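Student: This note's numbering puts the first residue of the sequence shown at 325, with every later residue one more than the last.
For each residue, glycine too, the CB sits at the ideal point set by N, CA and C.
It should be emphasised that the depicted structure is a prediction, and the values quoted were computed from it without experimental measurement.
So that we are looking at the same thing, I have put the structure below in structure tokens.
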Amino acid sequence: MLKNEWKKLLSNKLMLVVVVAIVAIPTIYTTLFLGSMWDPYGSVEHLPVALVNQDQPVEYEGKTLDVGAELVDSLLEDASLDFHQVSEEDAAKGLAAGDYYMVITIPENFSANAATLTDDQPKQMELNYETNPGTNYIASKLSETAMKEIQASVREEVTKTYAETMFDQLTEVGDGMQEAADGAGEIRDGADKLADGNNTIRENLQLLADSTLTFRSGSQTLTEGLAQYTQGVQQLADGAKKLDDGAKQLKDGVDQLGASAPALAQGVSALNDGAAQLAQGTAQAKTGSDSLTAGAAQVDDNLKTLNEGLSQLQSQTAALPDSASALDAGASQAAEGAKALQQGAQGLAAGADKASQGAAALNQGLQTLSGKSEELNQGAAQLKNGLDALAAAAGGSDVSGSLTALAGQLNGAAQAAQAGAVAPQDPAALAQTIADNTAAAQSGDPDAVNALIAAANELATVAQNNYNDANTANAARDQAAQALAGAAGALANAAGGSGSGDLSAALGQLQQGAAQLQTGLSAYTAGVDQAAAGSAALADETTGLPALNAGTQQLSAGCDSLVNGLTQLQGGTSQLAQQAPLLTGGIAQAVGGGAALQQQGTAVLRQGAAQLNSGLDALVTGSGSLKDGMSSLNGQLPALTDGVGRLQQGTKDLKDGTTQLVTGADTLTQNSPALNQGAAALTDGAGQIQSGAQQLADGSGELADGIDQLTDGANTLETSLADGADEIRSTNTGDAVVDMFAAPVVSEETQLTQVPNNGHAMAPYMMSVALWVGCIAFSLMYPLTEYAGKLKSGTAWWLSKASVLYPIALLQALVMVGALHAINGFDPGRMGQTLLVACVASMTFMSVMYFFTNLLGKVGSFLMLVFMVIQLAGSVGTYPLELSGSFVKYLHDWVPFTYTVTAFRRAICAGEDVTGCLAYLAVWLVVFTLLTILVFAVRAKRIKAEKPTLMVWLEEHRLA
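Below is the structure:
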């Protein structure tokens, strides 16, 4: 099969051209596609950018500051982008038309804002840029990156200008600091002279402070003694007032007590009576509490019984929803049966109506037939008489042969007529059955309905049989008439040449046959009459088919009522089935509520009643004690009243004495303020003299300390300013420092691996896609499911195809890499490893494609196209996994593109080892190769057994 496959391929010139084109597909795909974006980042100097300068120069520190013009000149000299200085209008039109990919606008306050560095509120320099991503998104991103570099450059230049200005001012600051150092020396000399004068003043002030201290101490002692005296006087006055107020209150209270003594006596008497009533009431309350306790216990016991009954009711009604559902289901089935009965009754009514119409038609035909039977009998009698006369006149004619035949025909006619005389069936019994069951069927009795239907069917059968019997008899009559006509003709022929002796004998036989015919026709007419009678019975309005028709109509109406009734019954059972769970739920709630009522209500009530009863016992005892105490108190009231009178007189005398004491204390108190004020004024004056003298002495000391600090500070200031001036003069402010100040940080990149340009970076992704597309194209164009020559086995069939497709896979990989190297300058770090990865990837892709195309035909190729799209997303060939969509991480580790892209990248940039990726691809290659061999083996076996295959079905549906 292998030789035949190659022989067939080499002999098909068109297929060879197709194979060559398929081999070139990955090469065309990669060289053209990668060539279009081989090194875009190396050609950004051709990216057109518009510059619009609206900046106005300003004066700053005696210099003209024109940052916008300097920036434009710098950018025009820079070759990083294709800059064009244009007007604002031309820039807007060019950006919209795609002539420019970015417009950089320098606003008119650009230089003015740069000059606000040392202002109270400095302003940032704004550099506006505008892009049009709709024209080209990548170009807009490249422009934005370039803009960041321009922004950094502008920032560096402005900072450099700031640094130069600051360093110039720093030199001036150094000169000023030297002058300040000289001034600090003069301050130091003046401070020394000031210190000498302050020492003399300080000594005299200290002497004055010491003298005033003795005077202040004496005045303070006098003031404190007078203060204690006046405080004692004031306390005496306050005490006297309080004593007088207390005496007055005591007198008022005693007077009120004396006035209230009679009322007290009455109140005690009433309280005594109330205590007696309280004792009696508590005894009655105790009796009621006992009844309450007994009633609460009885209610609690009855509630326990109620809860037990509710529990039983709950258990007995638990099955109620299921029973209601079953009843509802039964009602539904009954309704369906009634509907079926209704349909059967309607069909029965229709059949009965048709049977009634047929019976009427049969009765009319049989009545007509019965009327004609009499004429047939008369004709037979006339025939017999004519034969008798013929026999008498024949004499001795010789017609023996013809007469013998005629006799046979007449005998057959007679037998046929005799056979046609059949007795019809009597439908009276069936009609009676229908009449007996009609009423019961109308009431819905299923047995009566079934009996009625059976009787109606049998009655229809009887009518049909009678009709058939009548037709049979009619046919016999026609046959007899034909036989007689034939006999008459034969007789005429016999009469022409027969002898008289034989003719006489024949006529005798003919006479005998005519007599038999007459007898048979009599039997026939009798049967017709009986059939007519039977059909008349069927057509009878009271007992025949009309009555059955009326009964079936009534049955149909009864079935309608039955269906309506069962429908209402089903509605009721449905509501019962719906409400039964609510009923059981309510019972369950009642059970829970009863238990809660017992636990939280009656049980608590029972316990509270018992506690109340105990409390009332204590109340009864206490009320008895209260009654006894009140009786004793009532006996002591006379002695209390007499003591209150004597107390009133004593409190009156006490009030008079306290009034006199208050008057004397007030006199002493009125003279105390003047004495205290004089002593306080003396003390304050002495204190102020001593405090002022001491403050002068202390201030002189602090002044001396300050003068010392001033001297030290002047020395430090002079030294520091001189050192600062020297340090500023020695500070490097050259151009190198300015540059360092403007750009203090320089970044340095170290690349672990080297990727020359964008083409090498995108090559792993594009080569994977190109090889997959080439394999799809080969699977679509090459006849993978056909075989040349005799089919030997599935393995031989697979091998014949594999001998073509795997070399094609290797060839397209080698040609693709070679063309990239020759045309695009593709130069991977490990060329041999890159070729190996391309060959393994191509063979793996071809094995996967071989399996699905061989198994499912065009459907398989379509699935592989869809799978390619999934791999394009899951392999992260363009952006890192962390920047891709959230679903990509679930695909990344499971698609072959992930491992081909990784292996190509490692080989191109001479990075890590590719063994793991190749092992993964090899597993795919082996697995799908074995699966393909299995498919070929099964297909070959079915073909040899002449059984249909899936490929045949796919070809029939134009999917292969």
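Suppose the cutoff is 8 angstroms on Cβ atoms and the five residues either side in sequence are ignored; what does the same chain contact list for E632 look like?
Tutor: none
Student: Tell me the start and end of each unbroken alpha helix (DSSP H) in the segment 1143-1216 that is at least 4 residues and wholly inside, in chain order.
Tutor: 1155-1180, 1182-1198, 1212-1215
Student: Starting from V391, follow the alpha helix (DSSP H) in both directions and report where the run begins and ends.
Tutor: Per DSSP, V391 is one residue of the alpha helix (DSSP H) stretching across 391-401.
Student: So what does DSSP say about K337, is it helix, strand or coil?
Tutor: helix
Student: With distances taken Cα to Cα, identify the nearest neighbour of V986 among S1166, P997, D568.
Tutor: Taking only the C-alpha atoms, the option nearest V986 is D568.
Student: Using C-beta distances below 6 angstroms, list every residue in its chain close to A439, excluding the 5 sequence neighbours before and after it, in chain order.
Tutor: By the criterion of a C-beta distance shorter than 6 angstroms, A439 is surrounded in its chain by V382, Y384, L389, once the five residues flanking it on both sides are discounted.
Student: Which first and last residues belong to the alpha helix (DSSP H) in which A374 is found?
Tutor: Careful: A374 lies outside any alpha helix (DSSP H), inside the beta strand (DSSP E) at 372-377.
Student: A1143 and A1162 - do their beta-carbons sit closer together than 8 angstroms?
Tutor: no
Student: For Q1157, count neighbouring Cβ atoms within 10 angstroms of its own Cβ and tell me buried if that reaches 16, exposed if not.
Tutor: buried
Student: With a 10 Å radius around its C-beta and 16 neighbouring C-beta atoms as the bar for buried, classify V746 as buried or exposed.
Tutor: Residue placement at V746 cannot be trusted, given a pLDDT of 44 that sits under 50; the coordinates are not used to answer.
Student: Going by DSSP in three states, Q409 sits in which element: helix, strand or coil?
Tutor: strand
Student: Using DSSP with H/G/I as helix, E/B as strand and the rest coil, what is E383?
Tutor: strand
Student: Counting Cβ pairs, one atom from each stretch, are 3 or more of them under 8 angstroms apart for the segment 357-365 and the segment 386-400?
Tutor: no
Student: State yes or no: is the C-beta of L1159 within less than 8 angstroms of the C-beta of V1139?
Tutor: no
Student: Taking contact to mean 3 or more Cβ pairs, one atom from each stretch, closer than 8 angstroms, check whether the segment 1266-1281 and the segment 1171-1185 are in contact.
Tutor: yes
Student: For D455, report the span of its beta strand (DSSP E) as first-last.
Tutor: The sequence given here has Thr at residue 455, not Asp. Unbroken beta strand (DSSP E) run through T455: 452-455.
Student: Three or more C-beta pairs under 8 angstroms: does that hold for the segment 1189-1202 against the segment 1091-1110?
Tutor: Yes, since at least three Cβ pairs between the segment 1189-1202 and the segment 1091-1110 fall closer than 8 angstroms, the two stretches touch.
Student: Please list the terminal residues of the continuous beta strand (DSSP E) segment that includes V1219.
Tutor: That residue, V1219, is in no beta strand (DSSP E); it is neither H nor E in DSSP.
Student: Pull up the DSSP beta-bridge partners for T429, would you.
Tutor: According to DSSP, which records beta bridges pairwise, T429 is partnered with V376, N452.
Student: List the whole-angstrom C-beta distance separating F1252 from F1175, where the pair is believed to meet the contact cut-off of C-beta under 8 angstroms.
Tutor: 5 angstroms
Student: Below 6 angstroms CB to CB, which residues in the same chain sit around L1283 once its five sequence neighbours on both sides are set aside?
Tutor: G1181, K1182, V1183
Student: Could you tell me the boundaries of the alpha helix (DSSP H) in which C1233 lies?
Tutor: No alpha helix (DSSP H) contains C1233, which DSSP labels as neither H nor E.
Student: Going straight from the alpha carbon of N336 to that of A421, what length do you get?
Tutor: 53 angstroms
Student: Pull the bridge partners of T388 from the DSSP assignment, please.
Tutor: E383
Student: In whole angstroms, what is the alpha-carbon distance linking T1168 and L340?
Tutor: 23 angstroms
Student: Given this structure, state the Cα-to-Cα distance separating V1259 from S1171, to the nearest angstrom.
Tutor: 13 angstroms
Student: Buried or exposed: where does A1243 fall if 16 or more other Cβ atoms within 10 Å of its Cβ makes it buried?
Tutor: exposed
Student: Return the CA-CA distance between A642 and D652, expressed in angstroms with no decimal places.
Tutor: Approximately 17 angstroms between the Cα atoms of the pair.
Student: Between A1231, L1205, S949, T354, which has its C-alpha nearest Q294's C-alpha?
Tutor: Only positions 325 to 1284 of the chain appear in the structure, and residue 294 is not among them; the question remains open.
Student: Are the beta-carbon atoms of A927 and S649 separated by less than 8 angstroms?
Tutor: Result no, Cβ atoms of A927 and S649 do not sit closer than 8 angstroms.
Student: Confirm, please, whether the CB-CB distance from N937 to T617 is below 8 angstroms.
Tutor: yes
Student: For a test of the three-state rule: what should DSSP assign to N888, helix, strand or coil?
Tutor: helix
Student: Taking S1092 as part of the alpha helix (DSSP H), name the residues at either end of that continuous run.
Tutor: For S1092, the enclosing alpha helix (DSSP H) begins and ends at 1082-1105.
Student: Given a cut-off of 8 angstroms on the beta-carbon distance, is the pair D406 and P431 in contact?
Tutor: no
Student: What's the C-alpha gap between S1208 and L375?
Tutor: 35 angstroms
Student: V344: buried (16+ other C-beta within 10 angstroms of its C-beta) or exposed?
Tutor: exposed
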